[in-house]
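Asks: In our numbering, the protein residues as written are 2 to 184.
I am attaching a structure below and will ask some questions about it afterwards.
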Amino acid sequence: MIKGGVAVVAIAALAGCAGVAPAYQPSISNVQKLQSSGSTKVKVGTFSAKPGAVGATSISLRAASISSPVGADFGAYLGEAVKQELSLAQRLDSAAAVEVSGILLGNDIDTAVGTASGYAEAQFTVSRDGKVQFSKTKRGTQSWESSFAGAVAIPKAQQSYPLIIQDLLSTLYSDPEFINALK
Numbered sequence: 002m003i004k005g006g007v008a009v010v011a012i013a014a015l016a017g018c019a020g021v022a023p024a025y026q027p028s029i030s031n032v033q034k035l036q037s038s039g040s041t042k043v044k045v046g047t048f049s050a051k052p053g054a055v056g057a058t059s060i061s062l063r064a065a066s067i068s069s070p071v072g073a074d075f076g077a078y079l080g081e082a083v084k085q086e087l088s089l090a091q092r093l094d095s096a097a098a099v100e101v102s103g104i105l106l107g108n109d110i111d112t113a114v115g116t117a118s119g120y121a122e123a124q125f126t127v128s129r130d131g132k133v134q135f136s137k138t139k140r141g142t143q144s145w146e147s148s149f150a151g152a153v154a155i156p157k158a159q160q161s162y163p164l165i166i167q168d169l170l171s172t173l174y175s176d177p178e179f180i181n182a183l184k
């Protein structure tokens, strides 16, 4: 009986825990950048993940992993983040001539002891009436103190994921060429 109980515990430990990333929380700074960039309305097009991209559908966090709470991959998470910030900036309009879309190229978190870090990289495109006005790759990063204890490090990494996306979008919204493409 004891052997069976030990086996169940060992299998559970090897399987790890799967969860979802926290819902995206818009950045006030990002929203303000969008508000000050002009008054043209923007629609959000397709956001997807590049097939086979690192972290496209799941990010490993030691013995755990997280997936997107939105859609089938983290590309959908990124699209929802853009949509939320455009909406708060009062720039979102599903009938707009200007469209922003994107492809998530990579997405990962390193839960190293001491300093953990993460990144997200995406190709963003802005089109007006179907004609490309802007297309660039942007990268967002974040680092934070981590712990040897997985019970501390894993939740901290999960909570840091939206901050990585905030940084990625901040680099996008800070690009004068992106802002000009929205006008």
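For glycine and all other residues, C-beta sits at the position ideal for the given N, C-alpha and C.
Computed from a prediction, not measured in an experiment: that's the story for all the values here.
Roughly how many whole angstroms lie between the Cα atoms of G39 and Q160?
Replies: 32 Å
Asks: By a C-beta neighbour count over all protein chains shown, 10 Å radius and 16 as the cutoff for buried, is G53 buried or exposed?
Replies: exposed
Asks: Where does T142 sit, in a helix, a strand or coil, going by DSSP?
Replies: In this structure, T142 counts as strand in the three-state DSSP scheme.
Asks: How far does the alpha helix (DSSP H) with K34 in it reach, from first residue to last?
Replies: 29 to 37
Asks: Quickly, what does DSSP pair N108 with across the bridge? List them, please.
Replies: A121
Asks: Which residues in the same chain have their Cβ closer than 6 Å to the Cβ of Q167, if we skip the five residues on either side of it in sequence?
Replies: S28
Asks: For a test of the three-state rule: what should DSSP assign to S88, helix, strand or coil?
Replies: helix
Asks: Buried or exposed: S69, going by 16 or more other Cβ atoms within 10 Å of its Cβ?
Replies: buried
Asks: Tell me the rounded alpha-carbon separation between A113 and E146.
Replies: 9 Å
Asks: Could you check what DSSP says for Q134 in three-state terms: helix, strand or coil?
Replies: strand
Asks: Please report the distance separating the alpha-carbon of K44 from that of A98.
Replies: Here the alpha carbons of A98 and K44 stand approximately 8 Å from one another.
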